[in-house]
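In what follows, a structure is listed as structure tokens, so that the remarks can point back to it.
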Amino acid sequence: MTQNEDEYEEIYVERLSAEQLVEFARYGEPALVSELVVQGLSERLASQDSRGNTMLHMFAANGYLPCAKLFVQHLPSALDVQNAEGNTALHWACVSGQLETVMFLMAAGAKVAVENKAERTPICEAHKHQRTEILKFFEETLGNKEESTEAENASKMESMAIEDQMEQ
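Take the sequence shown: its letter number 67 is residue 67 in UniProt numbering, and every next letter is one higher.
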């Protein structure tokens with residue numbers, strides 16, 4: 001057992017609130033996920049904080065790929081959970097420029113067409129935040145399979161470019 005696992009054992013994972021679980025996830029501790037599973041508390045992986053974020057949102061935003069993999073292994077149904085702003089873990093990985101995490105989430109089955117409350121898909125977020133490597137990955141991965149989605153995204157990206165010009 002590692003020192004981190006000892007720390008979580010001492011914290012009594014079963015007593016942590018949803019807010020605390022998501023906050024701990026923000027720091028990318030795979031021991032947290034492991035301890036929940038070991039203690040038979042896998043259902044706690046689905047915990048959401050007051051903003052609707054899951055542990056997977058935190059892992060994706062911060063590029064904690066080993067944690068994201070372990071999480072999805074035990075709770076694959078949480079891939080496309082949207083927070084209060086409508087963002088999924090894939091949205092956050094795109095915003096944060098976490099290419100490897102984006103690749104993993106896509107391989108695991110995350111939906112690229114999910115829109116947040118700003119009506120932006122993960123691809124739109126990658127464009128807005130100038131994540132060229134992620135955009136290239138989407139282009140190579142999706143190709144012509146998602147023509148209608150690409151057309152919608154192109155239209156949204158054009159609208160975003162106009163909005164950006166108006167803000168300047």
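C-beta: ideal position from N, C-alpha, C; glycine also.
| Would you call Thr-101 buried or exposed, if buried means 16 or more other Cβ atoms sit within 10 Å of its Cβ? | Answer is buried; the Cβ neighbour count reaches 16.
| query | Mind checking Arg-51: buried by the 16 CB within 10 Å criterion, or exposed? | reply | Around the CB of Arg-51, fewer than 16 other CB atoms lie within 10 Å, so the residue is classed as exposed.
| Where Thr-132 sits in the DSSP three-state scheme | It is helical.
| task | Out of Ala-93, Ala-31, Glu-119, point me to the one whose CA is closest to Leu-56's CA. | result | Out of Ala-93, Ala-31, Glu-119, Ala-93 has the C-alpha closest to the C-alpha of Leu-56.
| said: Short of 8 Å in beta carbon distance, which residues of its chain neighbour Val-22, apart from the five on each side in sequence? Order them along the chain. | reply: A distance below 8 Å between beta-carbons, with the five flanking residues on each side excluded, links Val-22 to the following residues of its chain, in chain order: Ser-47, Gln-48, Asp-49, Asn-53, Thr-54, Met-55, His-57, Met-58.
| said: Within 10 Å of its beta-carbon, does Arg-15 have 16 or more other beta-carbons around it, so buried, or fewer, so exposed? | reply: Arg-15 is exposed by the Cβ-count criterion.
| Under the three-state reduction of DSSP, which class applies to Thr-54: helix, strand or coil? | The answer is strand: DSSP assigns Thr-54 an E or B state.
| said: On the CB-based measure, 16 or more other CB atoms within 10 Å of its CB, does Glu-147 come out buried or exposed? | reply: In this predicted model, Glu-147 has a pLDDT of only 45, less than 50, meaning its place in the structure is not dependable; the value taken from the coordinates is given anyway. So Glu-147 ends up on the exposed side.
| Entirely enclosed alpha helix (DSSP H) segments - the region 38-99, minimum 4 residues | Runs found: 55-62, 65-74, 89-96.
| Which word fits Ala-89, buried or exposed, when buried means at least 16 other C-beta atoms lie within 10 angstroms of its C-beta? | So Ala-89 ends up on the buried side.
| request: Determine the extent of the alpha helix (DSSP H) in which Glu-19 is found, giving its start and end residues. | output: First-last of the alpha helix (DSSP H) with Glu-19: 18-25.
| message | Among the candidates Ser-96, Leu-142, Glu-43, Thr-132, whose CA atom is the shortest distance from the CA of Ala-18? | response | Comparing Cα positions, the closest option is Glu-43.
| message | I need the straight-line Cα distance from His-129 to Thr-121, nearest angstrom please. | response | Computed Cα separation, rounded: 12 Å.
| query | What is the DSSP secondary structure of Thr-101, reduced to helix, strand or coil? | reply | If DSSP states are grouped into helix, strand and coil, Thr-101 belongs with the helices.
| request: Assign Tyr-27 to buried or exposed, taking buried as 16 or more other Cβ atoms, counted over all protein chains shown, within 10 Å of its Cβ. | output: It counts as exposed.
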